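Q: The structure is given below, and queries will be raised subsequently.
Residue numbers (the working numbering): 623 to 946.
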């Protein structure tokens with residue numbers, strides 16, 4: 623199970639034993655492996671670089687898909703002897719990095735029994751989040767100023783930043799914080815437990831500024847491209863071409879189940895439909911019926927079990943039974 627941007631493995635647990643998907647699947651007899659992708663607070667060790675060094679943060683979802691997911695898959699299969707395949711569940715960035723892996727290292731697709739994509743973020747042509755649209759408009763100067771200030775992670779490390787961030791979303795200001803969260807993800811106050819917002823915010827685990835930048839580039843480019851270094855020379859050094867190449871989604875040939883919603887400001891229905899039409903082996907395509915279901919309802923929604931997880935469990939059962 624792979625989390626989204628700024629999240630961690632805690633995202634699949636924070637609703638507790640009665641609601642969280644990880645607990646439910648464990649109770650059904652599945653071995654549960656929760657990945658913490660590089661850069662979040664639980665995954666900040668490196669053999670050569672300290673986290674205060676710019677080189678430590680020189681990654682986006684590309685490196686997660688190219689290196690981290692394959693390493694995690696190999697580790698899980700080595701530890702669970704007798705299995706040649708596993709189920710993969712990804713939310714948000716957990717879907718983006720998977721598509722990178724499938725494109726760049728297609729041999730790993732034979733190790734996936736079923737990939738379930740929650741709120742998949744691949745194409746961003748129709749994204750509606752005002753904050754992301756604003757950031758994408760000014761990503762070049764934002765990147766320049768962030769580097770000038772020595773900011774390579776987001777939210778930045780440091781006691782002052784952390785205190786400010788947590789105070790804004792403290793219990794006393796949870797309604798204000800909830801408002802901004804819903805404006806970013808999609809307004810659905812009915813499915814968001816406002817009393818838990820301070821807890822959710824405390825588990826914002828961080829990532830690289832480059833990861834945020836890469837997503838804003840997808841908004842601007844209209845395609846699913848590798849990172850643009852804003853320099854033909856640097857792009858040639860990194861990619862072998864003046865402009866970033868596009869990922870080849872035809873290589874993602876494992877069985878894929880897609881789950882998405884109308885009120886998700888970060889994952890538009892038309893963008894998912896475009897993804898669906900390009901993937902060669904989509905076995906389940908589900909638009910959540912509840913009209914207000916948003917980007918974080920896939921993980922935090924009050925009624926997520928009846929609205930989503932019941933169906934996911936059935937899809938997994940059918941996959942295990944060879945019915946898909």
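Every residue, glycine too, gets a C-beta built ideally from N, C-alpha and C. This structure is a prediction, so every number in the text was calculated from the model and none was measured.
Assuming residue 658 and residue 648 are in contact, meaning their beta carbons sit under 8 Å apart, how far apart are those beta carbons, in whole angstroms?
A: Incorrect: roughly 18 Å between the Cβ atoms, too far for contact.
Q: Can you name, in chain order, every residue of its own chain whose Cβ lies under 6 Å from the Cβ of residue 740, other than the five neighbours on each side?
A: Excluding residues within five positions, the ones whose Cβ falls inside 6 Å are 713, 881, 920.
Q: What number of angstroms, rounded off, separates the C-alpha of residue 858 from the C-alpha of residue 852?
A: 11 Å
Q: Is the segment 751 to 764 close to the segment 719 to 732, with three or more CB pairs under 8 Å?
A: In the pairwise beta carbon analysis, the segment 751 to 764 is classified as not touching the segment 719 to 732: fewer than three pairs are separated by under 8 Å.
Q: Looking only at its own chain, which residues have a Cβ that is under 6 Å from the Cβ of residue 630, when we skip the five neighbours before and after it?
A: 658, 662, 664, 827
Q: Starting from the Cα of residue 756, find the closest Cα among 839, 728, 704, 729 and give me that residue.
A: The candidate whose alpha carbon is nearest that of residue 756 is 839.
Q: Is the segment 889 to 908 touching the segment 761 to 771 in the sense that three or more CB pairs, one from each, lie closer than 8 Å?
A: no
Q: Rounded C-beta distance between residue 732 and residue 708? I'm assuming under 8 Å.
A: The Cβ separation is near 11 Å, so there is no contact.
Q: Using CA coordinates, which residue listed in 677, 870, 715, 637 is at the minimum distance from residue 686?
A: Put simply, of 677, 870, 715, 637 the residue whose alpha carbon is nearest the alpha carbon of residue 686 is 715.
Q: Return yes when the Cβ of residue 941 is within less than 8 Å of the Cβ of residue 909, no when it is not.
A: no
Q: Which value, in whole angstroms, describes the spacing of the CA atoms of residue 877 and residue 736?
A: 5 Å
Q: Name the one or two DSSP bridge partners that residue 725 has.
A: In the DSSP output, where bridge partners are listed per residue, residue 725 has none listed.
Q: Anyone know if the C-beta pair for residue 834 and residue 871 falls short of 8 Å?
A: no
Q: Based on Cα-Cα distance, which residue from 924, 890, 865, 814 lies nearest to residue 580?
A: The structure shown does not extend to residue 580, since the chain is modelled only from 623 through 946, so no value can be given for it.
Q: Can you name the residues that DSSP bridges to residue 774?
A: DSSP, once it has assigned bridges, lists no residue as partnering residue 774.
Q: Whose C-beta lies closer than 7 Å to the C-beta of residue 643 among residues of the same chain, with five residues either side of it excluded?
A: 634, 931
Q: Between the Cα of residue 655 and the Cα atoms of 742, 875, 701, which residue gives the shortest distance?
A: Proximity to residue 655 across 742, 875, 701 peaks at 701, based on C-alpha coordinates.
Q: Rounded C-beta distance between residue 897 and residue 744? I'm assuming under 8 Å.
A: 5 Å
Q: Mind listing, in chain order, the continuous beta strand (DSSP E) runs of no fewer than 3 residues lying wholly within the segment 660 to 716?
A: 708 to 713
Q: Can you tell me whether DSSP reads residue 880 as helix, strand or coil?
A: strand
Q: In chain order, what residues of the same chain have a beta carbon less than 7 Å from the beta carbon of residue 692, not counting five sequence neighbours either side?
A: 723, 727, 730
Q: With 16 other CB atoms within 10 Å as the buried threshold, where does residue 912 fall?
A: buried
Q: Taking 7 Å as the limit between beta carbons, can you name the residues of its chain near residue 622, skipping five residues before and five after?
A: A query on residue 622 cannot be resolved here, the shown segment of the chain reaching from 623 to 946 and no further.
Q: List, from N- to C-terminal side, the alpha helix (DSSP H) runs of 4 residues or more that fit wholly inside the segment 738 to 762.
A: 752 to 759
Q: Based on DSSP bridge pairs, tell me the residues matched to residue 868.
A: 847
Q: Measure the C-alpha to C-alpha separation of residue 638 and residue 690 and round it to an integer number of angstroms.
A: Going by the C-alpha atoms only, they are around 27 Å apart.
Q: Residue 628 by DSSP, collapsed to three states: which one?
A: In the three-state scheme derived from DSSP, where H, G and I count as helix and E and B as strand, residue 628 is classed as coil.
Q: Please classify residue 848: is it buried, with 16 or more other beta-carbons within 10 angstroms of its beta-carbon, or exposed?
A: buried
Q: If you follow the alpha helix (DSSP H) that residue 894 is part of, which residue opens it and which one closes it?
A: 891 to 900
Q: Under the rule that 16 or more other beta-carbon atoms within 10 Å means buried, what is residue 832, buried or exposed?
A: Using a 10 angstroms sphere on the CB of residue 832, the tally of other CB atoms reaches 16 or more, which defines it as buried.
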